[in-house]
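Report on the structure given below.
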Amino acid sequence: MKNQEDQFKKVLSHAKEYGFIFQSSEIYDGLSAVYDYAQNGVELKKNIRDYWWNAMVQMHENIVGLDSAIFMHPTTWKASGHVDAFNDPLIDNKDSKKRYRADVLIEDYAEKLNIKAQKEIKKASKRFGEAFNEEEFITTNPRVVKYLSQKETVLKRMAKSLENEDLKDVKALIEELEIACPVSGSKNWTDVKQFNLMFGTKLGATAESAMDLYLRPETAQGIFVNFANVQKTGRMKIPFGIAQTGKAFRNEIVARQFIFRMREFEQMEMQFFVRPGEELKWYEHWKEKRLNWHLSLGLGKENYRFHDHDKLAHYANAATDIEFNFPFGFKELEGIHSRTDFDLKAHEEHSGKKLQYFDHEVNNSYVPYVIETSIGLDRMFLAVFSNSLQNEILEDGSERVVMKIPSVLAPTKAAILPLVKKDGLPEIAQSIIDDLKFDFNLSYDEKDAIGRRYRRQDAVGTPFCITVDHDTKEDNCVTIRFRDSMEQKRVAITDLKSIIAKEVSMSTWLHKL
Ligand code: ATP
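Position in the sequence shown counted from 1, then plus 10, gives you our numbering.
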């Protein structure tokens, strides 16, 4: 636990110190749960977005993109259920005056039971070695059985009370489990209340004529209301998908954990329209595809897990989260939902317009079913950033801070470094930049000893450092240094482009999918 907290603190300070993320409006003491992406952060974020976009849109003939507006007609949110049901159950601790999401308090309690069970399993696996049968142990060891069944019972009861809107029982559960406020340690709770997460605003000049609007809480609805337009103008045949990335806004009650839970954030969503009855097949398909996308980045298979929902949202008939092992434990990174025909039907009813598809193969019109994949770009940023930040002890005992960012996502692909600031070396460095800048984002650094410059590039995750020295003038070769292995090689300037491209180019990485 302590280690996790330390790692998280390192992530926060590194993100600021090296120009990845700043608190919004910092000179005015900041705005809670709102962040700005700085010079390196904006590049990493853009590269993640591009990697997602290319994997989804460019790599699939039957998926097209969209960029719908943040403002939408207010009836959209009535139809989607957000006006009536986009609520979080909140509870206050009377002593610390801190506000919590009641469901998160209970989920954290359940996760503690899970951690206890996992500890027992790990201990036994060490003790029994090769002979260990994990499946049998989980079902027969009394302590593990107890922890896991308690966890199940707690989560099932919460799911049921939330589904029935029985907020009294949610509070009763918190009291029965003796959950204490993490700040005050007290169990003195208020009742549980529902709180709508949408931000309201007004469109129009005068108070009387202004129209009440919401800032969109998800990008998905922009896709649904454009379904018929895109299908017709793009002559799309089912199954097909529409993808979009963009800002979403939620007035989160408890905005903590840095960019994990923000009030303004960016989503990358894809809605895949399928024939009714085929949705669960496509749900499985997209579960696997999306996990593979994550695994292609090499952040470690052990850092991902699926978490199937017990409590289904009002629109879903199957749902899972891809959870990632963040510095504060496994938490949702992406949601994959089988949304049925709920949204299109609701928009049909509220708009009076037909949102159907004529399927020539079955000679019939129907409202398509939808599989959604929805990932938070900022959460993905945090996953990449926290996983990449590493402290290494080198052979000579010194420490190196290095960001082992997957090279396709690295903000800067190569740094060009003249060994000294004279003798024509900066000019050669500049000519290399002028040649490579058409293909890669580069940086130039001529200050300090070369070792310190290497470390500065390591700290922002630059995969290659290219050093121009006096021999370069004779042999037209440079030293290329690899970030992860720190290996150095002498190569011809004319080979630089292909060496870098092989490692960082989007197509190399997309081939892994
Ligand atoms: P959570 O349970 O963590 O609040 P959610 O289930 O409400 O998330 P969805 O509505 O499924 O989230 O949104 C899809 C994705 O958008 C999430 O998987 C997450 O990556 C991202 N996301 C949602 N809310 C936020 C937020 N406040 N800040 C950053 N990213 C978010």
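For glycine and all other residues, C-beta sits at the position ideal for the given N, C-alpha and C.
Quick caveat: nothing in here was measured; it's all calculated off a predicted structure.
Not one heavy atom of the ligand ATP is found less than 7 Å from the C-beta of residue 503. Taking a cut-off of 8 Å on C-beta distances, the region 317-330 does not touch the region 362-370, as fewer than three cross pairs fall below it. For residue 405 and residue 123, the gap between their C-alpha atoms comes out near 41 Å. At a cut-off of 7 Å, the beta-carbon of residue 343 counts as near the ligand ATP: some heavy atom of the ligand is closer than that.
Burial of residue 111 is indicated by the presence of at least 16 other C-beta atoms within 10 angstroms of its C-beta. Residue burial is scored here from C-beta neighbours: residue 416 has at least 16 other C-beta atoms within 10 angstroms and is therefore classed as buried. Contact between residue 64 and residue 520 holds, since their C-beta atoms are separated by about 6 Å, short of 8 Å. Apart from sequence neighbours up to five positions away, the residues of its chain that approach residue 241 with a beta-carbon distance below 7 Å are 367, ordered along the chain. For the alpha helix (DSSP H) assignment, the uninterrupted runs of no fewer than 4 residues enclosed by the region 478-512 are, from N- to C-terminal side, 482-485. With at least 16 other beta carbons inside 10 angstroms of its own, residue 171 counts as buried.
Sixteen is the threshold: when 16 or more other Cβ atoms of the shown chains lie within 10 Å of the Cβ of residue 383, as they do, the residue is buried.
96 is the residue among 444, 21, 89, 96 whose C-alpha sits nearest the C-alpha of residue 323. Between residue 296 and residue 249, the gap from beta carbon to beta carbon reaches 8 Å or more. The secondary-structure analysis by DSSP pairs residue 464 with nothing; it has no beta-bridge partner.
The ligand ATP approaches residue 386 closely enough that one of its heavy atoms is under 7 Å from the residue's Cβ.
In this structure, residue 507 lies near residue 446, with their beta-carbon atoms less than 8 Å apart. DSSP, read as helix, strand or coil, puts residue 396 in helix.
Remark: the C-beta of residue 68 is outside contact range of the ligand ATP, defined as less than 7 Å to any heavy atom. For residue 277, the distance from the CB to the nearest heavy atom of the ligand ATP is below 7 Å. Minimum Cα-Cα distance from residue 179 among the listed residues 91, 113, 18, 310 corresponds to 113. The beta carbon of residue 308 sits closer than 7 Å to those of 416, all from its chain and outside the five residues before and after it, given in chain order.
Approximately 7 Å separates the beta-carbon atoms of residue 488 and residue 501; this is inside 8 Å, confirming the contact. Comparing alpha carbon positions, the residue from 389, 206, 175 closest to residue 338 is 389. Closest in C-alpha terms to residue 460, from the list 451, 381, 290, 478, comes 478. The C-beta distance from residue 231 to residue 75 rounds to 16 Å, too long to meet the 8 Å contact threshold.
Taking every protein chain shown into account, the CB of residue 434 has fewer than 16 other CB atoms within 10 angstroms, so this residue is exposed. Straight-line spacing of the CA atoms in residue 235 and residue 204 works out to 28 Å.
Residue 313 sits away from residue 451, with the two beta carbons spaced by 8 Å or more. With a contact defined as Cβ atoms closer than 8 Å, residue 419 and residue 58 qualify at about 6 Å. Secondary structure of residue 274 (DSSP, three-state): strand. Rounded to the nearest whole angstrom, the C-alpha separation of residue 485 and residue 30 is 38 Å. Sorting 45, 43, 220, 188 by C-alpha distance to the C-alpha of residue 83 places 220 at the top. Per the DSSP secondary-structure output, residue 253 pairs in a beta bridge with 75, 280.
For residue 90, the CB contacts under 7 Å within the same chain, skipping 5 residues up- and downstream, are 231, 353, 356 in chain order.
For the ligand ATP, a non-hydrogen atom lies closer than 7 Å to the CB of residue 228.
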